[in-house]
Amino acid sequence: MFESVEVTHERTARHNSSPAEVASRLQGRRVTGVERHGKFLRISLDDGQTMVAHLGMSGRWAVDGEDGALHTHFVGRMDSGTVVRFIDPRTFGFVAVYDEDEILGSGLSRLGPDAWTDPPQIGELGERLAGRTAPIKALLLDQRPISGLGNIYADETLHLAGIHPLTPGGALDPEDLGRLIEAVRIVLETAISRGGTTLSDAAYLLPDGRAGANMADLVVYGRQDEPCTTCGTPIERLVVRGRSSHFCPNCQMLR
DNA sequence: ACCTCCCTGGCC
DNA sequence: GGCCAGGGAGGT
């Protein structure tokens, strides 16, 4: 149960009317379930409300640690003695409390199937991408065709699948889609087993404060001009919809 | 379906 | 001193 909740940054509470509202709606509530859909954390509460949290770019949760850390915007003290803190320098993340109606109007309601727990099959992904002319890289980041991939894992996935980031989504044939789906599985399996990707900025950390080790497994993200681990061709970088995109021009030829 | 915006630490 | 990184939301 949330014995006390402090929300100390206006922007962290932006999906409710105020930090005080987030705190008061959580106060005294017991957690009945914890789920994740895409990059959204859903925590069910005993009064039917749902606490929804998103790490954004630089957010992280600390459980029983980081007392007094800079950029702590949420502190929840549980009756068990556990203290959960949300630390988020760039404030792209948020903590919200929704009732059933509010959830329907939130970003959660627009998410495609979860890339890890509910990966789409070839037919379903094909339907979701049919007719789409936008680059597959942009569609992977969109979260509606499939949810859960950010910029790093989208680049890694496309490289493993041998698909150029600018390929129109609707141009992928069933073979491409099969490789894409399998690449998603492998990239996420590897990343999760490594505890996630902590970059040199150390923004992302596990809840116990440890760094994730997946940066060593990245083969294209952040490696422009370095030789491709598969074929030795220098990795290239281009910008797709304002996001950097790293790929091997040989392994991922545009067709 | 696209564009802009938000935000701060780190780096050039 | 200025730019870059990028998650989603909201507007055009």
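Under this note's numbering, the first residue of the first sequence is numbered -14, with each subsequent residue one higher.
C-beta: ideal position from N, C-alpha, C; glycine also.
Note that the structure is predicted; figures quoted are calculated from it, not measured.
Under the Cβ criterion (8 Å, minimum of three pairs), the segment 78 to 88 counts as touching the segment 33 to 42. Looking at the DSSP output, T182 shares a beta bridge with A198. Excluding sequence positions up to five before and after A196, its CB lies within less than 7 Å of the CB of T183, A187, L190, all in the same chain and listed in chain order. With respect to H149, V205 sits apart: the two C-beta atoms are not nearer than 8 Å.
V60 has its alpha-carbon roughly 21 Å from the corresponding atom of D32.
Looking at the DSSP output, P219 sits in a beta bridge with P212.
In its chain, beyond the 5 residues on either side, Q128, R129 have a beta carbon closer than 8 Å to the beta carbon of R95. Of the candidates G135, T17, E112, the residue whose Cα lies closest to the Cα of A176 is G135. Counting of Cβ neighbours within 10 angstroms places T142 among the buried residues, the total reaching 16 or more. Annotation for Y206: no beta strand (DSSP E) segment contains it, and DSSP assigns it neither H nor E. The beta carbons of G194 and A47 sit about 7 Å from each other, so the pair counts as a contact at 8 Å. Contact annotation: G97 and I131 have beta-carbon atoms nearer than 8 Å. Between the C-alpha atoms of Q209 and L239 there is a straight-line separation of about 18 Å.
Sorting D52, K24, E167, T102 by C-alpha distance to the C-alpha of S43 places K24 at the top. For A47, the enclosing beta strand (DSSP E) stretches over residues 45 to 48.
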